[in-house]
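Please read the structure below before turning to the comments.
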Amino acid sequence: MAFLSFTQNAFFLSLRRFSLGGLMLAMLGLPTFLAACSPDEKTAEQKSTPDKTVEEQTPLGPEGRPVVLITGSNRGIGLALTKEYANQGWHVIATCRHPEKADILQSLSAKNPHVVIEKLDVTDLSAIDALAAKYKDMPIDVLLSNAGISGGRDVQTLGSFKYDAIDKVMAVNVIGPLKLAEAFVDNVAASKQKKMVTITSTQGSITKTFGISYFYRSSKTAVNIVMHNLAIDLKDRGIIVSLISPGMVDTDFMKGLPLPLIPPAQSAAMIYKVVDGLTLDKSGVFLNHRGGEEPW
Amino acid sequence: MRVVVRALALACFFLLPGMGTPPVEGGHTVLITGSNRGIGLEFARQYAARGWRVIATCRHPEKAVNLQAIAAANPQVIIEKLDVTDLGAIDALAHKYRDTAIDVLLNNAGISGGLNNQRFGHINYATFHDVYAVNVVGPLKMAEAFQTQVAASDLKKIITISSTAGSIANSTGLLYIYRSSKTAVNMAMRNLANELQAKGIIVGLIAPGPTNADVVKGRVPLGKPEDRVKVMIDVIDRFTLDMSGSFVAYDGKVLPW
Numbered sequence: 003m004a005f006l007s008f009t010q011n012a013f014f015l016s017l018r019r020f021s022l023g024g025l026m027l028a029m030l031g032l033p034t035f036l037a038a039c040s041p042d043e044k045t046a047e048q049k050s051t052p053d054k055t056v057e058e059q060t061p062l063g064p065e066g067r068p069v070v071l072i073t074g075s076n077r078g079i080g081l082a083l084t085k086e087y088a089n090q091g092w093h094v095i096a097t098c099r100h101p102e103k104a105d106i107l108q109s110l111s112a113k114n115p116h117v118v119i120e121k122l123d124v125t126d127l128s129a130i131d132a133l134a135a136k137y138k139d140m141p142i143d144v145l146l147s148n149a150g151i152s153g154g155r156d157v158q159t160l161g162s163f164k165y166d167a168i169d170k171v172m173a174v175n176v177i178g179p180l181k182l183a184e185a186f187v188d189n190v191a192a193s194k195q196k197k198m199v200t201i202t203s204t205q206g207s208i209t210k211t212f213g214i215s216y217f218y219r220s221s222k223t224a225v226n227i228v229m230h231n232l233a234i235d236l237k238d239r240g241i242i243v244s245l246i247s248p249g250m251v252d253t254d255f256m257k258g259l260p261l262p263l264i265p266p267a268q269s270a271a272m273i274y275k276v277v278d279g280l281t282l283d284k285s286g287v288f289l290n291h292r293g294g295e296e297p298w
Numbered sequence: 466m467r468v469v470v471r472a473l474a475l476a477c478f479f480l481l482p483g484m485g486t487p488p489v490e491g492g493h494t495v496l497i498t499g500s501n502r503g504i505g506l507e508f509a510r511q512y513a514a515r516g517w518r519v520i521a522t523c524r525h526p527e528k529a530v531n532l533q534a535i536a537a538a539n540p541q542v543i544i545e546k547l548d549v550t551d552l553g554a555i556d557a558l559a560h561k562y563r564d565t566a567i568d569v570l571l572n573n574a575g576i577s578g579g580l581n582n583q584r585f586g587h588i589n590y591a592t593f594h595d596v597y598a599v600n601v602v603g604p605l606k607m608a609e610a611f612q613t614q615v616a617a618s619d620l621k622k623i624i625t626i627s628s629t630a631g632s633i634a635n636s637t638g639l640l641y642i643y644r645s646s647k648t649a650v651n652m653a654m655r656n657l658a659n660e661l662q663a664k665g666i667i668v669g670l671i672a673p674g675p676t677n678a679d680v681v682k683g684r685v686p687l688g689k690p691e692d693r694v695k696v697m698i699d700v701i702d703r704f705t706l707d708m709s710g711s712f713v714a715y716d717g718k719v720l721p722w
C-alpha cells in the first residue's frame, strides 16, 4: 500500500476493491494471501448467507484481506471503527462482552461475512487466551484495543474517592490492552502491517491535566507508558505500537457532558487514516485522531 | 528556660501516655510511610537529626529494629504501625493525629512488584493490584486523609517518592507494572497539585534514582541512600508553591513526564 498516499489508497479501495485491491495484495501481500488460503477455501466470489453462524465462517482465509481485531465493538467508537474497517474491505474480528445485545453489530455481520463477532470481556484473561488459541493461525494486521471505561463519575472526586473503583478501570483500560498484546503478539508479528493500536485519551496527558477524573486519567497515563515501553521492546520484531486519542466523540461515554463532540463516524475515519499511515518511527508516540503528537 | 520547657514537654510525653502527640518546640513535623528500611529509614534518621518530630510508619514496627534504634535515641520520633493498603487504618491514623499540623507528608512506601512478574509473555496480572494498592492508592488515600493536617501546618507539603521508571519520555522498556504504577501516581499527584493550589498546599514528586535500598537492590548504578536522602531533604525544603505538581529527580532537576 506504500506507493499510494493513504487518501488515494482509501479512495481507490472503496471504488475498486476487488481489482486494485487484488493487484496490490498480489504485489505486496502475497505471503499473507497464501497463508490465508487453505485447500478448503471457497472462491473469491463466495456470497454471504444472512443466517451464517460464527462457527460456519472460516476462522482462516479472509480472502487475502488485511485483518483487524477490535475490542468494545458493540457501540461508540468501536462500532464506528468496525464499520469503517469493514467498508475499507478488511476482515474484522469484532469483539464485545454481550454479542446477543449488540443489535447494530449483529446486522452488520449478517450483511458482511467479513465482520465476525466474538464474545470477549477484556478483563477475562483466560478468555483472551482462548480467543488467541482459536485464531492462532491468523495473521492480524491491526490489533485495536478500543474497549475502555470511565470508572464512574461519582467515585473519583477528591474528598470522596471510592478506591475500589480503581481495580475495574485499570483492568479494562490497562491490563486488557497489555494482555491482548501478549496473547496476540505472534499473530501481529506474522502479519503484513504489524500494528498494535490502543485507543487512549488526552485526559491521560499529565502535561494537560487540570484535575478531576483521577482514576480514569491515571488509567490512560498508565496504558500510555505500558504501550510506549512495549513499542521499545517489540521494535526488533518490526511491530508498530501506537497510542491514539480519538478526540471528543459523541458516544454514551461522553453523554451529558457540555462539550463540542464529533460524530463517531468522523473520529473512526480519522483514526483509520492515522493507523493506515503508521510507520515504525511513529511507534510508541502519543498521537491524536488528526495524526498530531500529544505531550505526555 | 528553654531547657526547662523542653524537659517539661518530654516529661509530659513520658508521664502521660495515650494523651496523644507531644508538643513540639518550634520544630516541624514529618510523617513518613515505609520508614522501616531503605530510603524511608534514612529520611526518618535525617529528619530526626534536624530536630523534627517524625511520625514514622511501617507495617511491622516489631521487626523494624533499625527504626526502633532511631526512636530510642530520639524521643521526638514516634513509630506508628500502618499498612498503606489498609484504607481504614489510614483513616484511623488520621483521626488519631487530627489535631497535629503535618508540615511534610512523605509518601515513601513503595514496592516494585518483582522483575519476574513483569516479563512480556509471562506477565503476572495479580501483581498489578498489589503494586497499585501500595504505589498509587496508598499515596492518594494518605493525601486525602491528611489534607487538613497538612493545610494547618507552616510548610504544607505532600511529597510522593516516585521513580525515573515512571517517566514515559525516558523509558527504556520492561517493568510494565512498576512503571505504570509510578506514572499513574504522577498523574494523580499532578491532578492533586492543581486542585490544592488554592489551599496553598505544595504537592511534589521526587524520583530518588536507583539506590542500594532493598526495593531495587541489584540494579546499577547505585547511590547510597544516606547521600541521596540528604540531597532530597534539601529539595523538599526548596519546593515552593509555584513548583507544585513538578516531577523532579533527587537533585531537584525537572524530569519529563
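Those sequence lines, one after another, are chains A and B.
Per our numbering, the first sequence starts with residue 3, numbered consecutively.
Per our numbering, the second sequence starts with residue 466, numbered consecutively.
By construction, the Cβ of each residue, glycine as well, lies at the ideal position given by its N, Cα and C atoms.
- Taken through DSSP and simplified to helix, strand or coil, MET198(A) comes out as strand.
- Interface annotation, TRP517(B): not in contact with chain A, CB-CB separation never under 9 Å.
- Spatial neighbours of SER285(A) in its own chain (CB-CB distance under 6 Å, excluding positions within 5 residues in sequence) are listed in chain order as ALA233, ILE242, VAL243.
- With respect to chain A, the C-beta atom of THR498(B) has no partner C-beta closer than 9 Å.
- Contact annotation for GLU295(A) against chain B: no contact, minimum CB-CB distance about 12 Å [criterion: below 8 Å].
- Exposed is the label assigned to SER128(A), since fewer than 16 other Cβ atoms lie within 10 Å of its Cβ.
- Within the model, the alpha-carbon separation for ALA149(A) versus LEU182(A) is close to 11 Å.
- Listed in chain order, the non-local C-beta contacts of ILE543(B) below 6 Å within the same chain comprise ILE520, local neighbours out to five positions each way being set aside.
- Scanning its chain for C-beta atoms nearer than 6 Å, with the 5 sequence neighbours on each side dropped, one finds around TYR87(A) the residues VAL70, VAL94, in chain order.
- Taken through DSSP and simplified to helix, strand or coil, GLU86(A) comes out as helix.
- Contact annotation, ASN635(B) with PRO721(B): C-beta distance approximately 6 Å; criterion of less than 8 Å satisfied.
- Within a 10 Å sphere around the beta-carbon of GLU527(B) sit fewer than 16 other beta-carbons, which makes this residue exposed.
- Residues of the region 585-604 of chain B with a C-beta less than 8 Å from any C-beta of chain A: PHE585, GLY586, ILE588, TYR590, PHE593, HIS594, TYR597, VAL601, VAL602, listed in chain order.
- Taken in chain order, the members of the region 142-173 of chain A whose beta-carbon sits within less than 7 Å of a beta-carbon on chain B are LEU160, GLY161, PHE163, TYR165, ILE168, ASP169, MET172.
- In the assembly as shown, ASP143(A) is a buried residue. Its beta-carbon has 16 or more other beta-carbons within 10 Å.
- Distance from the CA of ALA132(A) to the CA of CYS98(A), rounded to the nearest whole angstrom, comes to 15 Å.
- Chain A places no beta carbon closer than 9 Å to that of GLN533(B), leaving this residue out of the contacts.
- Linking HIS525(B) to SER111(A) through their CA atoms gives a straight-line distance of about 58 Å.
- Under the three-pair Cβ rule at 8 Å, the region 691-707 of chain B counts as touching the region 505-523 of chain B.
- Inter-segment contact for the region 256-266 of chain A and the region 197-217 of chain A is absent: fewer than three beta-carbon pairs are separated by less than 8 Å.
- Judged by beta-carbon spacing, ALA617(B) lies beyond the 9 Å limit of ASP556(B), meaning their Cβ atoms are not closer than that value.
- Note on ALA135(A): under 16 other CB atoms within 10 angstroms of its CB, so exposed under the neighbour-count rule.
- Think of a sphere of 7 Å around the beta carbon of TYR641(B): the chain A residues whose beta carbon falls inside it are LEU180, VAL228, ASN231, in chain order.
- From the listed residues ALA173(A), ASP169(A), PRO64(A), THR202(A), the smallest Cα separation to TRP298(A) is found for THR202(A).
- A Cβ of chain B is located within less than 9 Å of the beta carbon of TRP298(A).
- Short of 6 Å from the beta carbon of LEU552(B), and not among the five residues preceding or following it, lie these beta carbons of its own chain, in chain order: LYS606.
- Fewer than three pairs of CB atoms, one per stretch, sit closer than 8 Å, so the region 651-666 of chain B makes no contact with the region 176-193 of chain A.
- In the structure shown, the three-state DSSP call for GLU65(A) is coil.
- Judged by their CB atoms, VAL596(B) and ILE576(B) are nearer to each other than the 9 Å cut-off.
- Among the CB atoms of chain B, one or more fall inside 9 Å of the CB of VAL187(A).
- Annotation note: the region 118-174 of chain A contains the following uninterrupted alpha helix (DSSP H) runs of length 4 or greater, listed N- to C-terminal: 127-136, 167-172.
- When only Cα atoms are considered, LEU245(A) and PRO141(A) end up about 21 Å apart.
- For the region 189-221 of chain A, the set of positions with a beta-carbon nearer than 9 Å to some beta-carbon of chain B reads GLY206, SER207, ILE208, THR209, THR211, PHE212, GLY213, ILE214, SER215, TYR216, PHE217, ARG219, SER220, SER221 in chain order.
- For ILE242(A), the closest Cβ of chain B is not nearer than 9 Å.
- Within the model, the alpha-carbon separation for VAL276(A) versus HIS560(B) is close to 52 Å.
- Neighbourhood of VAL118(A) in chain B, by CB distance below 7 Å: empty, with the nearest CB roughly 26 Å away.
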